[in-house]
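What follows is one structure encoded as structure tokens, with my remarks underneath.
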Amino acid sequence: MQQRIAKADTVVVVGGGAAGVEVATDAKSFYPDKHIILVHSRAAVMHRFGKDLQTAALEGLKRLDVEVILEDRVIEEDDANGTVTLKSGRKIECNFFINCTGQKPNSSILSTLSPNSISSSGYIKVKPTLQLVDEKYQNIYSCGDVTDMDVPTPNARSAMQQSVVAAENILLAIDGKVPKHEYQHTWPESLIKLTLGLDRSVTHLSDGKSDILWRSKEKDDALMAAQCWKSLGQVPFEDDYMQNQKEEGQV
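According to this note's numbering, numbering within the sequence shown proceeds without interruption in unit steps and concludes at 255.
Right, dumping it as structure tokens:
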């Protein structure tokens, strides 16, 4: 992806969620002379979050001169001819097309074993204990994005909390006890740090009624990625760009 962005004059990013906003602003921040276009079908980017974050994200995109197209969607992507056609009829010439419209849950592992445990949208249906709703398979647990839970903005924090609940219940089951720990979403899990270019970010926290938002300047281009690797007991990534940045900072 990095190589194709580097070679492109015009890049079209589809999807105005966190992934799309971050890819578009990172690309424009690193290559300010390139034409970066973000297409989003909703009336606002970051539409699943509060108004304050939507406004901050749009401001960040405009600050970098990313072209933002709202309430429109891609109906055809012709890679051979280098064009993207929108529902509005507009045809955009581009060298690289990036789809950031979101992921679909991969629950196929249960499709034959317990099809009743899969919702119409493909998520795995569980009890509050994170056991399958199917009484025949109470030894199977599910957590994370694939799980059908009342989580407004699923992310790693909620997945980690669910994993703790599942692990505690598995330990009870091993001891011959009834799983009793239940997962309940808490609003601090919805915290999000959204990058708006290589040196800017905005952090947003909401309980569904009130919003807290603060802006920051970033010094770490990798946004704590090395720390995440270390937390998993792994050696952080090796990246020539990051190594060069580190050496320049020491000069």
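C-beta atoms are modelled at their ideal positions from N, C-alpha and C, and glycine is treated no differently. Computed from a predicted structure; not experimentally measured.
Residue i and residue j look like a contact to me (Cβ under 8 Å); what is the Cβ gap, rounded to whole Å?
| i | j | result |
| --- | --- | --- |
| ARG52 | LEU74 | The pair is not a contact, with the Cβ atoms about 15 Å apart (cut-off 8 Å). |
| HIS39 | THR59 | Not confirmed; about 24 Å, so no contact. |
| THR105 | VAL70 | Contact flag wrong, Cβ pair sits at about 17 Å. |
| VAL78 | ALA61 | Actually they are not in contact, since the Cβ atoms of VAL78 and ALA61 sit about 20 Å apart, beyond 8 Å. |
| LEU134 | SER118 | Not really, about 14 Å apart at Cβ, beyond 8 Å. |
| VAL130 | ASP152 | 7 Å |
| ASN258 | GLY19 | Residue 258 falls outside the range modelled here, since the chain spans only 5 to 255, and no answer is possible. |
| VAL43 | VAL16 | 6 Å |
| HIS189 | VAL155 | 5 Å |
Which residues share a DSSP beta bridge with residue i?
| i | result |
| --- | --- |
| SER205 | THR199 and SER220 |
| ASP152 | LYS129 |
| PHE241 | Note: PHE241 sits in no beta bridge, so no partner. |
| VAL88 | GLU81 and ILE96 |
| GLN215 | The residue you asked about is not Gln; residue 215 is Asp in the sequence shown. Paired residue(s): SER210. |
| ILE122 | ILE128 |
| ILE102 | VAL17 |
| TYR145 | GLN135 |
How would you write the range of the alpha helix (DSSP H) that residue i sits in, first residue to last?
| i | result |
| --- | --- |
| THR59 | 55–67 |
| LYS131 | Here LYS131 belongs to no alpha helix (DSSP H), and DSSP marks it neither H nor E. |
| GLU26 | 22–34 |
| LEU175 | 160–178 |
| ILE9 | 6–11 |
| LYS234 | 229–235 |
Check for me: the beta strand (DSSP E) holding residue i runs from which residue to which?
| i | result |
| --- | --- |
| LYS95 | 95–97 |
| ILE79 | 78–82 |
| LEU42 | 39–44 |
| VAL18 | 14–18 |
| VAL74 | For the sequence presented, residue 74 should be read as Leu rather than Val. It spans 71–74 - the beta strand (DSSP E) in which LEU74 sits, taken as one unbroken run. |
| ASN110 | Careful: ASN110 lies outside any beta strand (DSSP E) and carries neither H nor E. |
Going by the C-beta, is residue i closer than 7 Å to any heavy atom of the ligand NAP?
| i | result |
| --- | --- |
| SER124 | The model on display carries no ligand, and the ligand NAP is accordingly not part of it. |
> If we count Cβ pairs, one from each stretch, closer than 8 Å, do we get three or more for the segment 78–89 versus the segment 119–136?
Replying inline: no
> Given 8 Å as the limit, is there contact between the segment 5–13 and the segment 174–189, that is, 3 or more CB pairs closer than that?
Replying inline: no
>> Assess contact between the segment 212–223 and the segment 87–98, defined as three or more Cβ pairs (one per stretch) separated by less than 8 Å. Is contact present?
In response: no
> Is the segment 201–209 touching the segment 18–36, taking contact as three or more C-beta pairs under 8 Å?
Replying inline: yes
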